[in-house]
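The structure under discussion appears below in the form of structure tokens.
Residue numbers (our numbering): 1 to 199.
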């Protein structure tokens with residue numbers, strides 16, 4: 001996975017990357033609160049001093065984990081858009097297909113942002129704000145693509161598409177998403193877009 005770069009714009013150190021890689025795997029597989037800092041330290045094979053030099057608090061590491069996931073998703077989306085320049089319909093289809101494929105993949109444990117939100121009840125917590133920012137980015141992306149497609153009032157369609165995406169993520173985690181249902185997800189997304197175009 002592509003990792004978040006340091007705020008200075010410099011490439012993160014190999015040690016920081018190793019800590020992030022260990023945290024990413026453990027947080028996603030087992031849950032954020034279920035994984036202790038000591039567990040990550042052992043998995044990353046670093047000292048406590050080194051760990052806390054890079055991440056003074058566990059929440060700092062959680063935020064870096066989510067930021068890394070967000071940057072990876074954005075890079076995937078940008079690649080999809082670059083592959084279909086000037087074709088918002090194709091970009092939306094590729095996006096739906098990617099969500100369907102992801103939710104059917106082996107080892108899929110749901111959306112890391114939905115999972116993180118479930119573990120942090122306070123909507124004002126930095127983790128929840130990071131989740132909200134990522135969802136706002138995704139909603140903005142859908143709004144932009146629908147507007148390019150000619151949808152005059154995209155907000156309702158964006159809400160419907162977000163619900164479809166969230167449902168696919170949760171369904172995939174629960175093991176209820178099949179290839180046939182993935183095709184249904186793409187078809188449902190297409191129906192939402194067509195209805196929006198009709199107004």
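Where a beta carbon is used, it is the ideal one built from N, C-alpha and C, also for glycine. All values reported here derive from a predicted model rather than from experimental measurement.
Run of the alpha helix (DSSP H) containing residue i, from where it starts to where it stops
i: residue 53; result: 48-54
i: residue 171; result: 155-173
i: residue 179; result: 179-198
i: residue 16; result: 14-30
i: residue 33; result: Premise fails: residue 33 is in no alpha helix (DSSP H) and is neither H nor E.
C-beta atoms of residue i and residue j nearer than 9 Å
i: residue 92; j: residue 142; result: yes
i: residue 161; j: residue 193; result: yes
i: residue 127; j: residue 197; result: no
i: residue 94; j: residue 83; result: yes
i: residue 15; j: residue 27; result: no
i: residue 88; j: residue 159; result: no
i: residue 44; j: residue 21; result: yes
i: residue 40; j: residue 47; result: no
For residue i, the nearest candidate out of the options (CA to CA)
i: residue 66; options: 163, 117, 171 and 190; result: 117
i: residue 99; options: 169, 48 and 120; result: 169
i: residue 25; options: 151, 140, 112 and 123; result: 112
i: residue 231; options: 164, 60 and 155; result: In the structure displayed, the chain extends from 1 to 199; residue 231 sits before or after that span and is not available.
i: residue 187; options: 175, 96, 77 and 17; result: 96
i: residue 175; options: 134, 155 and 102; result: 102
i: residue 71; options: 124, 107 and 137; result: 137
i: residue 139; options: 123, 124 and 156; result: 156
i: residue 13; options: 50, 41 and 180; result: 50
i: residue 256; options: 81, 172, 120 and 180; result: Any question about residue 256 goes unanswered here, given that the chain covers just 1 to 199.
i: residue 150; options: 78, 122, 79 and 86; result: 86
i: residue 17; options: 90, 61, 133 and 33; result: 61
Inside the stretch 65-127 only - beta strand (DSSP E) runs reaching at least 3 residues: none
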